[in-house]
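Colleague:
Numbering (UniProt numbering), first residue to last: 1 to 217.
(1) So, do the region 107-122 and the region 155-166 have three or more beta carbon pairs nearer to each other than 8 Å?
(2) Can you give me the Cβ contacts of residue 151 inside the same chain, cut-off strictly under 7 Å, excluding the 5 residues immediately before and after it?
(3) Give me the residue from 108, 113, 157 with the minimum Cα distance to residue 132.
(4) Around the Cβ of residue 56, are there at least 16 other Cβ atoms within 10 angstroms (buried) or fewer (exposed)?
(5) When you compare each of 21, 205, 76 to residue 149 by their alpha carbons, which one comes out closest?
(6) So, at 7 Å on beta carbons, what are the nonlocal neighbours of residue 211 in its own chain, with the 5 sequence-adjacent residues on each side left out?
(7) Is residue 162 helix, strand or coil by DSSP?
(8) Nearest CA to the CA of residue 108: which residue from 62, 189, 23?
(9) Can you tell me where the alpha helix (DSSP H) holding residue 182 begins and where it ends?
(10) What do you get for residue 238, buried or exposed, if any count of 16 or more other CB atoms within 10 angstroms of its CB means buried?
(11) Thinking C-alpha only, which one of 110, 202, 174 is nearest residue 190?
(12) Roughly how many whole angstroms lie between the Cα atoms of residue 44 and residue 59?
(13) Considering only their Cβ atoms, is the gap separating residue 117 from residue 168 smaller than 7 Å?
(14) Apart from the five residues on each side of it in sequence, which residues of its chain come closer than 6 Å, Cβ to Cβ, to residue 100?
(15) Provide the residue span of the alpha helix (DSSP H) that contains residue 208, from first to last.
(16) If you count every other CB in all the chains shown that lies within 10 Å of the CB of residue 30, and 16 or more means buried, which is it?
(17) Let me know if residue 93 comes out buried or exposed under the rule of 16 or more other beta-carbons within 10 Å of its beta-carbon.
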C-alpha cells in the first residue's frame, strides 16, 4: 500500500478519497473566522471574566491569539480525519501564524489587519502563477464539488485568481477607512456573501465544462 502523503493528493490522483463531508469541511474552514469575530466583539467581556487574557493586549490582538489557536485545531482535526493536510488552508495557516505572532509580539494590530490582504494576494498569485506552469491549482479546493475538464479548471482558476486580488484590495480599503469592529464583522460576515455571489456568477462556466462521471462497474 502506498504511503499517505502529508499534503493532500492532487485532485486528479485516483488514490485520493474524500474522508470529510462537505459540511464538516466547511465548518473547519469557517470555524476559526467565527471565533475571531466573537472574540473581537466580546474581547472586553472575556478579559473581564478571565483577567489573565489581558496579557494578550486589546481585543483585536486577543482575537488574533484565539484565531491562531482555532486554526491549529482545525488543521489538527483535518489531520486526524484524513492523515493529510489540505493545501489552501495550510498556506493560509502559515500566514496566520507568522503575522499573528508578529502582531502579538510587537503588540501591533496592523499585522492582524493586513493578514487577509497577504493571504488573498498570496492565493491570487498562487492560482495565476500555477497557470503559468499549466497547473490549475483551484482544483485542490473545488474538486469535491465540481468535476471539470482541463479548460474549465484553467478558466476558473484565472477568474478566482483575479477575485482573490480584488479581496486583497477590498480588505485594505475596509481596515484603513472603517472601525475595527466593522472590519472584523466584514471579514467574517461580509466576505462570505461577496464570495458566494462571485461563485454564482461562475455557474454558467462550470455548467459548460462539467465532465460527466462514469459510474463504477
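All residues carry an ideal CB built from backbone N, CA and C; glycine is no exception. Note that the coordinates shown come from a computational prediction; the quantities given were computed from them, not determined experimentally.
Modeller: Well, looking at it:
(1) yes
(2) 209
(3) 157
(4) buried
(5) The shortest Cα separation from residue 149 among 21, 205, 76 belongs to 205.
(6) Contacts found: 147, 148, 149.
(7) helix
(8) Looking at the Cα atoms, 62 is the closest of the given residues.
(9) 180-185
(10) Only positions 1 to 217 of the chain appear in the structure, and residue 238 is not among them; the question remains open.
(11) Comparing Cα positions, the closest option is 174.
(12) The straight-line gap from Cα to Cα measures roughly 6 Å.
(13) Contact annotation: residue 168 and residue 117 have beta-carbon atoms nearer than 7 Å.
(14) Cβ contact annotation for residue 100 (same chain, cutoff 6 Å, sequence separation greater than five): 64, 68, in chain order.
(15) 203-209
(16) exposed
(17) buried
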